[in-house]
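Asker:
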Amino acid sequence: MKHLKKATLAMGLSTALVLPALVLGDVSDEAKFSPKQMTDWLHLVMSSDRTVYTRLIVNRLQNKEKVIKASEHFEDDKALVLPAQMFRFGAEMVGEQTDDFSYSLLSEWPINKQNAPRTEVEKAGLAYIAANKGENYYATEELGGTTYFTAVYADMAVAPACVSCHNDHKDTPRSDFKLGDVMGGVVIRVPL
Numbered sequence: 006m007k008h009l010k011k012a013t014l015a016m017g018l019s020t021a022l023v024l025p026a027l028v029l030g031d032v033s034d035e036a037k038f039s040p041k042q043m044t045d046w047l048h049l050v051m052s053s054d055r056t057v058y059t060r061l062i063v064n065r066l067q068n069k070e071k072v073i074k075a076s077e078h079f080e081d082d083k084a085l086v087l088p089a090q091m092f093r094f095g096a097e098m099v100g101e102q103t104d105d106f107s108y109s110l111l112s113e114w115p116i117n118k119q120n121a122p123r124t125e126v127e128k129a130g131l132a133y134i135a136a137n138k139g140e141n142y143y144a145t146e147e148l149g150g151t152t153y154f155t156a157v158y159a160d161m162a163v164a165p166a167c168v169s170c171h172n173d174h175k176d177t178p179r180s181d182f183k184l185g186d187v188m189g190g191v192v193i194r195v196p197l
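In short: position in the sequence shown from 1, add 5, done, that's the numbering used here.
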């Protein structure tokens, strides 16, 4: 199973969602994994991709080699896309292609106010992961007549670029982040 896990990550998100069903039973069979397993797998792929981009691209090119900066105005500045923007663009693209799940990056201390929690589950989840480092938050909630399994995962400062961007931003509500701090949370929803 360990090799299967590595192979699944290497093959990408769509394979990660289909492969468990193929291994455990025919795709047309009843689901062989829980909403919690699904959101955990989705988060693993999202978190890994974002950490790789942040550490190997943004941190290296901006902070170490000082070749190009990352900017929220990346087009005008001819700069790299910020990791949070890259994440949001991916979430928007997924939202255009499926209603099977959604995800977003939210924070109790958002630089961009559209990234503030709105629902009670989002608020409770962000508070929980900030107070309980290393733990995730799971709940169900009803939105627009649909019941969702909602998972909230800590979004950590994984590179110096994360800390400096948030601490130095003119609109930041919090300027004391350190490497390894919880800066917000990834919220994943799967309709039940």
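Where a beta carbon is used, it is the ideal one built from N, C-alpha and C, also for glycine. In this text, all values refer to a predicted model and were calculated from it rather than measured experimentally.
#1: Exposed or buried, what is residue 152 when buried is set at 16 or more other beta-carbons lying within 10 Å of its beta-carbon?
#2: How long is the line joining the alpha carbons of residue 154 and residue 163, rounded to whole angstroms?
#3: Since residue 224 contacts residue 67 with CB under 8 Å, what's their CB separation in whole angstroms?
#4: Based on the DSSP output, what are the partners of residue 142 in its beta bridges?
#5: May I ask you to verify whether the segment 185-197 touches the segment 94-111, counting CB pairs closer than 8 Å and requiring at least 3?
#6: Bridge partners for residue 76 per DSSP, in chain order?
#7: Determine the DSSP secondary structure at residue 177, reduced to helix, strand or coil.
#8: When we look at the beta-carbon of residue 199 and count the other beta-carbons within 10 Å, is it buried (16 or more) or exposed?
#9: Indicate the three-state DSSP secondary structure (helix, strand or coil) for residue 191 in the structure shown.
#10: Could you check what DSSP says for residue 165 in three-state terms: helix, strand or coil?
#11: For the candidate residues 48, 144 and 158, whose alpha-carbon lies nearest to that of residue 134?
#12: Go through its chain and collect everything with a Cβ distance to residue 93's Cβ below 7 Å, but skip five positions before and after it.
#13: Taking the alpha-carbon positions, what's the residue 73 to residue 174 distance?
#14: By Cβ distance, which residues of its chain are closer than 8 Å to residue 84, with the 5 residues on each side in sequence left out?
Answerer: Put simply:
#1: The residue is exposed, with fewer than 16 neighbouring Cβ atoms inside 10 Å.
#2: Looking at the two C-alpha atoms, the distance is approximately 27 Å.
#3: A question about residue 224 goes unanswered here, because the residues of the chain that appear run from 6 up to 197.
#4: Per DSSP, the beta-bridge partners of residue 142 are 157.
#5: Yes, since at least three Cβ pairs between the segment 185-197 and the segment 94-111 fall closer than 8 Å, the two stretches touch.
#6: Answer by DSSP bridge pairing, in chain order: 86.
#7: Assigned with DSSP and collapsed to three states, residue 177 falls in coil, not helix or strand.
#8: Because the chain spans 6 through 197 in this model, residue 199 falls outside it and cannot be assessed.
#9: It is a strand residue.
#10: The answer is helix: DSSP assigns residue 165 an H, G or I state.
#11: The option with the nearest alpha carbon to residue 134 is 158.
#12: Cβ neighbours of residue 93 within its own chain (closer than 7 Å, five residues either side excluded): 110.
#13: Rounded to the nearest angstrom, the two C-alpha atoms are 18 Å apart.
#14: Excluding residues within five positions, the ones whose Cβ falls inside 8 Å are 73, 74, 75, 76 and 78.
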